[in-house]
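J.:
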Amino acid sequence: MKKDTLSGLDIDLYSEKFSNGFEVYLVPLKNMKRYYATYATKYGSLITEFCPNGSRKNVKVPNGIAHFLEHKMFEQESGIDPFSFYSQSGCYVNASTGFESTRYICSGNTKFRENLDYLLNFVNSPYFTDENVEKEKGIIIEEVNMYKDMVDSAIDDTTRKCIFQKDHHKYDIGGEVDEVKSITKEDLYSCYDNFYQPNNMFILIVGNFSVETALDVIRERVENRENKYKVLPKIKKEKEPYAVAKRCEVVKFNIDVSKLTYSFKMKKKDFNIQDDYILDLYLAILLKILFGSTSIFSEKAKMQDLYSEFYYNFDSTDDYLVLNFYGESKKQNELLSFIKETLLDRENIINEDDFIRSKKVMIANKIKASCYIDAVGDSLYEDLINYNKIITNKVDLIRQLKYEDLLKVSNSLDLSNNSIVCYVPKDDNFEIKN
Numbered sequence: 094m095k096k097d098t099l100s101g102l103d104i105d106l107y108s109e110k111f112s113n114g115f116e117v118y119l120v121p122l123k124n125m126k127r128y129y130a131t132y133a134t135k136y137g138s139l140i141t142e143f144c145p146n147g148s149r150k151n152v153k154v155p156n157g158i159a160h161f162l163e164h165k166m167f168e169q170e171s172g173i174d175p176f177s178f179y180s181q182s183g184c185y186v187n188a189s190t191g192f193e194s195t196r197y198i199c200s201g202n203t204k205f206r207e208n209l210d211y212l213l214n215f216v217n218s219p220y221f222t223d224e225n226v227e228k229e230k231g232i233i234i235e236e237v238n239m240y241k242d243m244v245d246s247a248i249d250d251t252t253r254k255c256i257f258q259k260d261h262h263k264y265d266i267g268g269e270v271d272e273v274k275s276i277t278k279e280d281l282y283s284c285y286d287n288f289y290q291p292n293n294m295f296i297l298i299v300g301n302f303s304v305e306t307a308l309d310v311i312r313e314r315v316e317n318r319e320n321k322y323k324v325l326p327k328i329k330k331e332k333e334p335y336a337v338a339k340r341c342e343v344v345k346f347n348i349d350v351s352k353l354t355y356s357f358k359m360k361k362k363d364f365n366i367q368d369d370y371i372l373d374l375y376l377a378i379l380l381k382i383l384f385g386s387t388s389i390f391s392e393k394a395k396m397q398d399l400y401s402e403f404y405y406n407f408d409s410t411d412d413y414l415v416l417n418f419y420g421e422s423k424k425q426n427e428l429l430s431f432i433k434e435t436l437l438d439r440e441n442i443i444n445e446d447d448f449i450r451s452k453k454v455m456i457a458n459k460i461k462a463s464c465y466i467d468a469v470g471d472s473l474y475e476d477l478i479n480y481n482k483i484i485t486n487k488v489d490l491i492r493q494l495k496y497e498d499l500l501k502v503s504n505s506l507d508l509s510n511n512s513i514v515c516y517v518p519k520d521d522n523f524e525i526k527n
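In terms of our numbering, the sequence shown opens at residue 94 and continues consecutively.
1) When you compare only the Cα positions, how much space is there between Phe111 and Met294?
2) Less than 8 Å separating the beta-carbons of Leu473 and Ile483?
3) Any idea what DSSP makes of Ala188, helix, strand or coil?
4) Rounded to whole angstroms, what's the CA-CA distance from Leu436 to Asp369? Just pull it up for me.
5) In chain order, which alpha helix (DSSP H) runs of at least 4 residues are fully inside the stretch 210-286?
6) Between which two residues does the alpha helix (DSSP H) carrying Asn458 extend?
7) Measure the beta-carbon distance from Tyr285 to Pro219 and round it to whole angstroms, keeping in mind my assumption that it falls under 8 Å.
8) With a 10 Å radius around its C-beta and 16 neighbouring C-beta atoms as the bar for buried, classify Glu421 as buried or exposed.
9) Between which two residues does the beta strand (DSSP E) carrying Gly201 extend?
10) Please go through the stretch 336-395 and give each complete beta strand (DSSP E) segment of 3 or more residues, from N-terminal end onward.
11) In the DSSP assignment, find the unbroken alpha helix (DSSP H) run with Gly300 in it and report its ends.
12) Pick from Asp398, Val304, Leu297, Lys332: whose alpha carbon is nearest that of Arg196?
13) Check whether the stretch 380-393 and the stretch 343-354 touch, using three or more Cβ-Cβ pairs below 8 Å as the test.
14) Look up Tyr419 in the DSSP assignment and give the residues it is bridged to.
15) Taking 7 Å as the cut-off, is the CB of Lys323 close to at least one heavy atom of the ligand PLP?
16) Quick one: residues in its chain with C-beta nearer than 6 Å to the C-beta of Ser505, no 5 flanking neighbours on either side, listed in chain order?
17) Alpha carbon to alpha carbon, what distance is there between Thr98 and Lys329?
18) Whole angstroms are fine: how far does the CA of Phe167 sit from the CA of Asn222?
19) Does the distance from the C-beta atom of Ser182 to that of Arg127 stay below 8 Å?
20) Can you name, in chain order, every residue of its own chain whose Cβ lies under 8 Å from the Cβ of Ala247, other than the five neighbours on each side?
21) Under a three-way DSSP split, which group does Asp174 fall into?
22) Please classify Gly172 as buried or exposed, where buried requires at least 16 other C-beta atoms within 10 Å of its C-beta.
23) Are the stretch 255-266 and the stretch 323-337 in contact at 8 Å, needing three or more beta carbon pairs?
24) On a Cα-Cα basis, can you pick out the residue from Tyr465, Pro291, Ser409, Asn444 that is closest to Tyr253?
25) What does the alpha-carbon distance come out to for the pair Ile198 and Val117?
26) Output the boundary residues of the alpha helix (DSSP H) element that contains Asp309.
27) Measuring CB to CB, does Tyr264 end up less than 8 Å from Asn292?
28) Which runs of the alpha helix (DSSP H) fall wholly inside the stretch 100-177 and span at least 4 residues, in chain order?
29) Measuring CB atoms only, is the stretch 299-318 touching the stretch 457-477, in the sense that at least three cross pairs come out at less than 8 Å?
30) With a cut-off of 8 Å, do at least 3 Cβ pairs link the stretch 370-380 to the stretch 267-275?
31) Thinking C-alpha only, which one of Val415, Ile478, Leu399 is nearest Ile432?
32) Any idea what DSSP makes of Pro326, helix, strand or coil?
33) Please name the residue, chosen from Tyr289, Glu193, Tyr405, Ile460, that lies closest to Arg419 on a Cα-to-Cα basis.
34) Under the assumption that Ile266 contacts Ser108 (Cβ atoms under 8 Å), give the Cβ distance between them as a whole number of angstroms.
35) Do Val216 and Tyr282 have their beta-carbon atoms positioned less than 8 Å apart in this structure?
In structure tokens form, the structure reads like this:
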């Protein structure tokens, strides 16, 4: 087992890769009361067409199937569901599906061996029947419809459809109602058998636990599950065009105050930075300087009452980077104009003092987050999904960032390829003027 240290955080990381490709990451934190275990597969909603190893024929499955599969893993042949099992020891259990991964979590402060063993066992034991699949459809369709009635989920869904033409990020993780209805037991087993494989999965445990006990349980449940490394399917990916799918869209919705998104889609290669994590750091600092809570933008926007809620983020695909701005506002066009104005004037706003200050704040936040078990677990999990490795020297990398490189990143922003989505009250005849 390999031992590393998360530099600047005084945290040890133990890792091992089994002969069947399964990866183990253990982070003991003796000053914590709980443990936080994540069992994950690098299979999410983006994958809907693939060619299994040894086959010449592609398998195509409905959108939403990764999420459906996550739901069905909680139904066990024994009739005892994981929620009932874990409730006996007061252990928290949950799961979530993203675009690129699905994870199963358990967290508690007692019965570590038993709870870890059960986590590995239930995720390794699919039980799908025609009857239980049909029963689940009603539950998931209700969930899909519920999110469609929630404005934040709805505007996020519409925004992705306006940004992407072919990339599967445009599709909702849960799928559409008709797609959910079409899912079969055979579809679920096909996806499980191809992607819930040891060499496509990992376990990450953070908190108060015994490394030796964890390894014993994992070896027993996973190392011998399949001794041979299985070649994963070839995944079909659509080539995404540069242009956004739609420049503007206004949707009438059952709300009192309008919501909007302003998104900018740009080619990742234009930034000429090969390391995705380094690029993400520069973008995070750039956006904080321009739009953070202490920025000139924030101060002026509050003075002019331009929004009641505002935040930003950025997303990456294989080829593209997307900057997203979200706002709740009664002055939509003014807010959109001010976002654009700030981006265009960024050369005059960015300064080295703010850059240095932002780096210090970023490091301080990393250190502070290391005191919270869920934050440590989630951060390391995101590393494995976003960068395919745990980055052990984050604090050092932040310190090494250069102001000159921040300016290069800023100069590489492409603001020409953008999309605006506005959700407005049903009696509002709003028109986008930006």
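Think of the CB as a built atom: it goes at the ideal place given N, C-alpha and C, for glycine as much as any other residue.
T.: According to the structure shown:
1) 11 Å
2) yes
3) strand
4) 22 Å
5) 223-241, 244-256, 270-275
6) 445-462
7) 5 Å
8) When all chains shown are included, Glu421 counts as buried.
9) 195-201
10) 341-346, 352-360
11) Not the alpha helix (DSSP H): Gly300 falls in the beta strand (DSSP E), residues 294-300.
12) Leu297
13) no
14) Thr354, Tyr404
15) Within the structure as shown, the ligand PLP is missing, as the structure has no ligands at all.
16) Closer than 6 Å at Cβ, skipping near neighbours: Asp363, Phe364.
17) Approximately 37 Å between the Cα atoms of the pair.
18) It should be pointed out that residue 222 corresponds to Thr in this sequence rather than to Asn. In a straight line, the C-alpha of Thr222 is about 13 Å away from that of Phe167.
19) no
20) Tyr240, Lys241, Val344, Phe346, Tyr516
21) coil
22) exposed
23) yes
24) Looking at the sequence provided, one finds Arg at residue 253 rather than Tyr. Looking at the Cα atoms, Ser409 is the closest of the given residues.
25) 15 Å
26) 304-311 is the span of the alpha helix (DSSP H), which, as asked, contains Asp309.
27) no
28) Counting whole runs of 4 or more residues, the stretch 100-177 contains the alpha helix (DSSP H) stretches 158-165.
29) yes
30) Judged by Cβ distances under 8 Å, the stretch 370-380 makes no contact with the stretch 267-275, as fewer than three pairs qualify.
31) For the residues Val415, Ile478, Leu399, the minimum Cα distance to Ile432 belongs to Leu399.
32) Assignment of Pro326 by DSSP, reduced to helix, strand and coil, places it in the coil class.
33) Here residue 419 turns out to be Tyr, not Arg, going by the sequence shown. For the residues Tyr289, Glu193, Tyr405, Ile460, the minimum Cα distance to Tyr419 belongs to Tyr405.
34) About 29 Å; that fails the 8 Å criterion.
35) no
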